[in-house]
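Just below is one structure, and these are the notes that go with it.
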Amino acid sequence: MNKTVIKVLYWATTGLIAVGNLFGAYAYTSQSPQVLEGLAHLGYPAYVALILGPAKGLSALALLYPKFPRLKEWAYAGITFNVLGAGLSHLFSKDPNFATPFIFLALVAVSYITWRKLEAEKA
1 MNKTVIKVLY WATTGLIAVG NLFGAYAYTS QSPQVLEGLA HLGYPAYVAL
51 ILGPAKGLSA LALLYPKFPR LKEWAYAGIT FNVLGAGLSH LFSKDPNFAT
101 PFIFLALVAV SYITWRKLEA EKA
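Using this note's numbering, read the sequence shown as starting at 1 and increasing by one per residue.
Below, the structure is given as structure tokens:
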């Protein structure tokens, strides 16, 4: 795969993840009724939104800011744990939309793999 394709894949997937997490950060931090209803459906207390909201926002910023690669690694890990937990929570609660977080997880994987390839080319 040539470098241009890798860059396009990286920025497309990273952009989708960042935008999704920024919207999620707003929805969770503002404790929108849909978020609170969704958390309650999964069995989580409302205050979980106040923990996940800022984490989602900070992870989006870490993905977009190029200066700190170790911070970006941690952001990818945090997003992975969050999305994997969400997918499993939906699956275990027999929610019919359980596949959505796993699709998002695939985007995270593509973003991470392409980022690592671009970083390897710099070295």
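Glycine included, C-beta positions come from ideal geometry on N, C-alpha and C.
(message) Tell me the rounded alpha-carbon separation between L9 and A55.
(response) 24 Å
(request) In the DSSP assignment, find the alpha helix (DSSP H) that holds Y47 and state where it starts and stops. (result) Neither: Y47 is in no alpha helix (DSSP H) and is coded neither H nor E.
(message) Buried or exposed, going by whether 16 or more other CB atoms sit within 10 Å of the CB of Y65?
(response) exposed
(request) Note down the Cα distance separating A25 from L52, rounded to an integer number of angstroms. (result) 7 Å
(message) I'd like the span of the alpha helix (DSSP H) that includes F92, first residue to last.
(response) 69 to 92
(request) Classify L39 as buried or exposed, calling it buried when 16 or more other Cβ atoms lie within 10 Å of its own Cβ. (result) buried
(message) Am I right that S111 and H41 are in contact with their C-beta atoms under 8 Å? What's the rounded C-beta distance?
(response) Not confirmed; about 28 Å, so no contact.
(message) My output table needs one value for S111: the three-state DSSP class, helix, strand or coil.
(response) helix
(request) Can you grab the Cα-Cα spacing for the pair Y28 / L22, in whole Å? (result) 10 Å
(message) One question on the structure: do T4 and L107 come within less than 8 Å of each other, judged by their Cβ atoms?
(response) no
(message) Within 10 Å of its beta-carbon, does K72 have 16 or more other beta-carbons around it, so buried, or fewer, so exposed?
(response) buried
(message) Can you check which of these residues, L63, G57, V19, is closest to W115 by C-alpha distance?
(response) L63
(message) Closest to F137 by C-alpha separation, out of A120, E119, G85, D95, would be which residue?
(response) The structure shown has nothing for residue 137, since the chain only spans 1 to 123.
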